[in-house]
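*Asks:*
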Amino acid sequence: MNLNGKPEMVNSMWTHFCHTKETVIDTEKGSACNWCPAQEKTEMIYQGLYWAYPLQKYMRWPEYMQYYYWLDKKSS
Ligand SMILES: [Zn+2]
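In this note's numbering, the protein residues as written are 4 to 79.
(1) Drop a sphere of 10 angstroms on the beta-carbon of Pro-65, count the other beta-carbons inside from all chains shown, and report buried for 16 or more, exposed for fewer.
(2) Kindly list the residues whose CB is nearer than 7 Å to the CB of Trp-54, restricted to its own chain and excluding five residues on each side of it in sequence; keep chain order.
(3) Using the Cα positions of Met-16 and Glu-46, report the straight-line distance between them to the nearest angstrom.
(4) Could you give the distance in angstroms between the alpha-carbon of Ala-41 and the alpha-carbon of Phe-20?
(5) In whole angstroms, what separates the C-alpha of Gly-33 from that of Cys-39?
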């Protein structure tokens with residue numbers, strides 16, 4: 004427990020696109036998602052930026068997953 008301040012949020016969370024909640028969710032490190040079977044160690048493999056072709060833009064993995072999820076929904 005750090006008494007000098009709040010823990011750094013960016014470093015204490017892992018992020019994934021949650022298919023159950025249909026949005027990008029921050030989950031506490033060491034904890035599993037409450038809504039889907041996503042795993043922190045699996046998601047951490049997908050570091051860096053991904054090129055979203057129709058959008059002509061680089062996105063982080065969770066946003067990239069979210070983007071294609073909704074693109075798929077619209078086209079089906
Ligand atoms: Zn989830």
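By construction, the Cβ of each residue, glycine as well, lies at the ideal position given by its N, Cα and C atoms.
*Replies:* This is what the structure gives:
(1) Taking the first residue of the sequence shown as 1, we reach residue 65 at position 62. So Pro-65 counts as buried.
(2) Within the sequence shown, residue 54 is the residue found at index 51, counting from 1. Answer for Trp-54: Tyr-61, listed in chain order.
(3) Taking the sequence shown and counting its residues from 1, one reaches residue 16 at position 13. Taking the sequence shown and counting its residues from 1, one reaches residue 46 at position 43. Between Met-16 and Glu-46, the C-alpha separation is close to 12 Å.
(4) Position 38 of the sequence shown holds residue 41. Position 17 of the sequence shown holds residue 20. Whole-angstrom Cα-Cα distance: 9 Å.
(5) Taking the sequence shown and counting its residues from 1, one reaches residue 33 at position 30. Taking the sequence shown and counting its residues from 1, one reaches residue 39 at position 36. Linking Gly-33 to Cys-39 through their CA atoms gives a straight-line distance of about 15 Å.
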